[in-house]
Amino acid sequence: MIDDISTKVGIVVDVSTTLNPYREITVTTIAVLGAGRVGSAIARTAMDAGFEVNLAASGPAEDIALLAEIVTPGARAMTAADAVQGADIVVVAVPLHKHRTIDPTGLRGKIVVDAMNYWAAVDGAIDQFDADPRTSSEIVAEHFAGARVVKAFNHIGYHDLEEHRLPRGATGRRALAVASDDRAAAGEIAQVIERIGFDALDAGPLVAGAALEPGTEIFSGAFDAEALQHRLDEAAALASTPTLP
Ligand SMILES: NC(=O)c1ccc[n+]([C@@H]2O[C@H](COP(=O)([O-])OP(=O)(O)OC[C@H]3O[C@@H](n4cnc5c(N)ncnc54)[C@H](OP(=O)(O)O)[C@@H]3O)[C@@H](O)[C@H]2O)c1
Numbered sequence: 057m058i059d060d061i062s063t064k065v066g067i068v069v070d071v072s073t074t075l076n077p078y079r080e081i082t083v084t085t086i087a088v089l090g091a092g093r094v095g096s097a098i099a100r101t102a103m104d105a106g107f108e109v110n111l112a113a114s115g116p117a118e119d120i121a122l123l124a125e126i127v128t129p130g131a132r133a134m135t136a137a138d139a140v141q142g143a144d145i146v147v148v149a150v151p152l153h154k155h156r157t158i159d160p161t162g163l164r165g166k167i168v169v170d171a172m173n174y175w176a177a178v179d180g181a182i183d184q185f186d187a188d189p190r191t192s193s194e195i196v197a198e199h200f201a202g203a204r205v206v207k208a209f210n211h212i213g214y215h216d217l218e219e220h221r222l223p224r225g226a227t228g229r230r231a232l233a234v235a236s237d238d239r240a241a242a243g244e245i246a247q248v249i250e251r252i253g254f255d256a257l258d259a260g261p262l263v264a265g266a267a268l269e270p271g272t273e274i275f276s277g278a279f280d281a282e283a284l285q286h287r288l289d290e291a292a293a294l295a296s297t298p299t300l301p
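For any residue, its number in my numbering is found by taking its place in the sequence shown, counting from 1, and adding 56.
Given below as structure tokens:
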């Protein structure tokens, strides 16, 4: 449970030192790995918010150059390796079963946003994730060892990402949660989310990202900060309740 964030008439007031969306933002270039539905939507909304975007799919830059020009005008089409190199943060928005095709070497030390979901009912089962009781982001973080992994953008549809944006302070502004074992990285991504057009709430460490996964109320709904905080608190309370033997 995160108790250092309070809500007042739809405005998130963050009194923490590490997760403060009102701090001056330091991120300028975002690499988006995955030029599909989510990757394109994140690229467009990030550029609208003033960020520079390097966009990559699985192949050479020229394979997505035309797509980038039409679907994400302003984004620089690159290979994944080049996109990551000059970026402050890296968003991974590829099908989950393909996350291991991303070379983790260039991601070491970088903030890596895991926007992926394990949604077996829609995308099919993945043995590795079925066999592992951890959250999908914890498993992903293992592959990206050395990266500062933040779970974010996973509980909003790609179309809603563009349509639900509102200016800071607007009534009913939708809130998105971030989960990370790295508090400072969570704070950076909270700033990005705020600037894109959503309130940002801290869900806690990666393990708490379970509350954002497919099948949860948070995943299926759309909530303002107060309502989302309430659900995060409920999930945290449930997670800390000892189970009967
Ligand atoms: N759909 C939603 O509303 C939504 C919302 C939140 C989260 N998500 C999650 O976001 C992830 C992506 O979903 P999507 O719907 O955007 O998928 P998508 O439309 O199928 O796009 C996938 C993209 O990933 C690229 N890719 C594959 N391997 C890559 C690699 N090694 N390096 C760089 N790019 C690579 C693909 O490029 P190639 O064509 O070159 O393979 C493609 O551009 C999934 O995990 C999904 O669960 C989806």
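Glycine included, every Cβ here is placed at the ideal spot set by N, Cα and C.
Legend entry - Neighbour-count burial assignment, T101, 16 or more Cβ in a 10 Å radius: By 1-based counting over the sequence shown, the position of residue 101 is 45. Classification for T101: buried.
Inset, instruction - Report yes or no: do three or more beta-carbon pairs, one from the stretch 87-99 and one from the stretch 210-229, lie closer than 8 Å? - result: Contact holds: three or more Cβ-Cβ distances are below 8 Å.
Inset, instruction - Taking R221 as the reference, give the member of D255, I86, K207 and V234 with the closest Cα. - result: Numbered from its first residue, the sequence shown carries residue 221 at position 165. For R221, the closest C-alpha among the options D255, I86, K207 and V234 is that of D255.
Legend entry - N-terminal and C-terminal residue of the alpha helix (DSSP H) that R221 is part of: As a first step, residue 221 must be located in the sequence shown, where it is residue number 165. Neither: R221 is in no alpha helix (DSSP H) and is coded neither H nor E.
Inset, instruction - Would you mind giving the Cβ-Cβ distance between N210 and L268, rounded to the nearest angstrom? I have them listed as a contact below 8 Å. - result: The sequence position of residue 210 within the sequence shown is 154, counting from 1. The sequence position of residue 268 within the sequence shown is 212, counting from 1. Right, the Cβ-Cβ distance comes to about 6 Å (below 8 Å), so this counts as a contact.
Legend entry - Contact under 8 Å by Cβ, A196 with A241: Translated into positions along the sequence shown, residue 196 becomes position 140. Translated into positions along the sequence shown, residue 241 becomes position 185. Note on identity: in this sequence residue 196 is Val, with Ala being the wrong assignment. No, the pair does not count as a contact, with Cβ atoms beyond the cut-off.
Legend entry - 8 Å Cβ shell around Q184 - same chain, five flanking residues per side excluded: Within the sequence shown, numbered from 1, the residue matching residue 184 stands at position 128. Closer than 8 Å at the Cβ level, and outside the excluded window around Q184, lie I195.
Inset, instruction - From the DSSP output, in three-state form, read off E108 for me. - result: Here the question's residue 108 lines up with position 52 in the sequence shown. In the structure shown, E108 falls within a strand segment according to DSSP collapsed to helix, strand and coil.
Legend entry - Endpoints, beta strand (DSSP E) assigned at I86: Start at 1 with the first residue of the sequence shown, and residue 86 comes out as number 30. Counting along the chain, the beta strand (DSSP E) containing I86 begins and ends at T85 to L89.
Legend entry - Best match in L232, L257 and T84 for proximity to E108 [C-alpha to C-alpha]: Taking the sequence shown and counting its residues from 1, the one referred to as residue 108 is at position 52. Out of L232, L257 and T84, T84 has the C-alpha closest to the C-alpha of E108.
Inset, instruction - Would you mind stating whether I167 and A208 have Cβ atoms separated by less than 8 Å? - result: Numbered from its first residue, the sequence shown carries residue 167 at position 111. Numbered from its first residue, the sequence shown carries residue 208 at position 152. Taking 8 Å as the Cβ cut-off, I167 and A208 do not qualify as a contacting pair.
Inset, instruction - Look at the alpha carbon of M27 and the alpha carbon of V148, and state the distance between them as a whole number of angstroms. - result: No answer is possible for residue 27: it lies beyond the span of the chain, which begins at 57 and ends at 301.
Inset, instruction - Give the single residue among T135, A235 and D179 whose Cα lies nearest to the Cα of I158. - result: Stepping through the sequence shown from its first residue, residue 158 is reached at position 102. Checking every option, the nearest Cα to that of I158 belongs to T135.
Legend entry - L152: CB within 7 Å of a non-hydrogen atom of ligand 1: Numbered from 1 along the sequence shown, position 96 holds the residue referred to as residue 152. For ligand 1, at least one heavy atom lies less than 7 Å from the Cβ of L152.
Legend entry - Residue burial classification, A187 (beta-carbon count within 10 angstroms, cutoff 16): Within the sequence shown, residue 187 is the residue found at index 131, counting from 1. A187 counts as exposed, since fewer than 16 other beta carbons sit within 10 angstroms of its beta carbon.
Legend entry - Separation of R132 from I126, as counted between CA atoms: Along the sequence shown, read from residue 1 onward, the residue named residue 126 stands at position 70. Along the sequence shown, read from residue 1 onward, the residue named residue 132 stands at position 76. If I take the Cα positions, the gap works out to 12 Å.
Legend entry - Boundaries (first-last residue) of the beta strand (DSSP E) holding D258: Counting from 1 along the sequence shown, the entry for residue 258 is found at position 202. Unbroken beta strand (DSSP E) run through D258: D255 to G260.
Inset, instruction - Tell me whether A137 is buried or exposed, calling it buried when 16 or more other Cβ atoms sit within 10 Å of its Cβ. - result: Sequence index remark: in the sequence shown, residue 137 carries index 81 (1-based). Within a 10 Å sphere around the beta-carbon of A137 sit fewer than 16 other beta-carbons, which makes this residue exposed.
Inset, instruction - Note the first and the last residue of the continuous beta strand (DSSP E) segment covering I145. - result: One-based indexing of the sequence shown puts residue 145 at position 89. I145 to V148 is the span of the beta strand (DSSP E), which, as asked, contains I145.
Inset, instruction - Could you tell me which of D280, I252 and I274 sits nearest to D104, measuring between CA atoms? - result: Counted from its first residue, the sequence shown places residue 104 at position 48. Among D280, I252 and I274, the Cα nearest to that of D104 is on I252.
Legend entry - Rounded C-alpha distance that separates T294 from P129: Working through the sequence shown from its first residue, we reach residue 294 at position 238. Working through the sequence shown from its first residue, we reach residue 129 at position 73. The residue asked about is misnamed: residue 294 is Leu in this sequence, not Thr. Straight-line Cα distance between these residues: approximately 44 Å.
Legend entry - Three-way DSSP call (helix, strand, coil) for V68 in this model: Translated into positions along the sequence shown, residue 68 becomes position 12. Note that V68 scores a pLDDT of 39, beneath 50, so its modelled location is shaky; the value from the coordinates is reported in the next line. In the displayed model, V68 falls within a strand according to three-state DSSP.
Inset, instruction - Kindly examine ligand 1 and report whether one of its heavy atoms sits closer than 7 Å to the Cβ of R158. - result: Position 102 of the sequence shown, counted from the start, is the residue given in the question as residue 158. Looking at the sequence shown, residue 158 is not Arg but Ile. I158 Cβ: within cutoff of ligand 1.
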